[in-house]
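1 is the number of the first residue of the sequence shown in the UniProt record's numbering; add one for each residue after it.
Cβ atoms here follow ideal geometry from the backbone N, Cα and C, with glycine treated the same way.
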Amino acid sequence: MGKKDKEKADKSSANSNKNKFFVAVMGAGSVGKSALTVQFTQGIFVDKYDPTVEDTYQKTLELDGDQVTVEVLDTAGSEVLVAMRELYMKSAEGFILVYSIIVKSTFYEIQDIVEQLFRVKDEDEVPIVLVGNKIDLDSHREVSTQDGKQLAASYPNCDFYEASSKERINVDNVFFSIIRRIKEKYKKEGPPTKEKKEKCIIM
C-alpha cells in the first residue's frame, strides 16, 4: 500500500469511527429498556418481559446529513448484576437512563445510577438522555412529567423525554438525542484517546 493510499485508509477509518457511537441503556428491571431498544433497532414491540443479562444491537441511519452507526448495549436491571454496571459505564460513550412513569421506585434508582456514572467516568459532563417510559399507561402514573424535567435539568448535558415503546412515541427522538449529545461532546473535547481510555480503566 502506497503512502497516499495509507493516508486515505487512515482518514476513512477515522471518519468511520467518528460516526460510530456506543450507547448503554440503563435503569431498573422491567422499566422497558429492551422494549425501547428493540423498537428503535428493529421496529417491533416486545411485550413479554424477559430479564436481560446483556444484549447488543446495532443500527445504521442518517442523522443531520451524516450516516451514523449506533451500537446499543441493553443492560441488566437486576440488582444482582449491579456490579457489572461499572463495565458498561467505562466503555459506553453515552447513556439512556430509563425509568417507568408508573413505578416511582424506578425513578429514584436513576439518581443512584447517575451518581455511580459520574464517579466511574470522572468527567464533568457525560452525555445522558433521561427517559420516562410507558406513557401509554398514563392513567397509572406515579412520576409526574415535571419531576422528570427537574431531574434532567439537575445534570449537565442531559435531555429528557417521555416515551412509549408500545406506541413508538419519542423512541427515535431518544436515540437521535443521545447521538447528538455525544457528537457535541466530541466537537468540544475530541474523541477519547487510547490514553484517556486506559486512564479510565485504571480508575
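Item, Value
"Proximity below 8 angstroms, CB of Thr56 to CB of Val70", "no"
"Length-filtered (3 minimum) beta strand (DSSP E) runs lying within the region 127-171", "128-133, 158-162"
"Neighbour-count burial assignment, Tyr99, 16 or more Cβ in a 10 Å radius", "buried"
"Exposed unless 16 or more other CB atoms sit within 10 angstroms - verdict on Lys33", "buried"
"Local conformation of Phe107 per DSSP, three classes", "helix"
"Buried versus exposed call for Pro191 [16 or more other C-beta atoms within 10 Å across all chains shown]", "exposed"
"Buried versus exposed, by CB contacts within 10 Å (16 or more), Glu86", "exposed"
"C-alpha distance - Ile110 paired with Leu63, whole-angstrom precision", "28 angstroms"
"Outcome for Ile154 when other beta-carbon atoms lying within 10 angstroms are tallied against a minimum of 16", "Strictly speaking, residue 154 in this sequence is Ser, with Ile absent from that position. Burial call: exposed."
"Status (buried if at least 16 other CB within 10 Å, exposed otherwise) for Tyr161", "buried"
"Whole-angstrom C-beta distance between Val131 and Leu117, which should lie under 8 angstroms", "Actually they do not touch by this definition, with Cβ atoms about 15 angstroms apart."
"Cutoff 7 angstroms; reference Ile44; Cβ partners in own chain excluding five residues on either side", "Val38"
"Minimum C-alpha distance to Gln58 - residue among Ala92, Phe22, Ile178, Met26", "Phe22"
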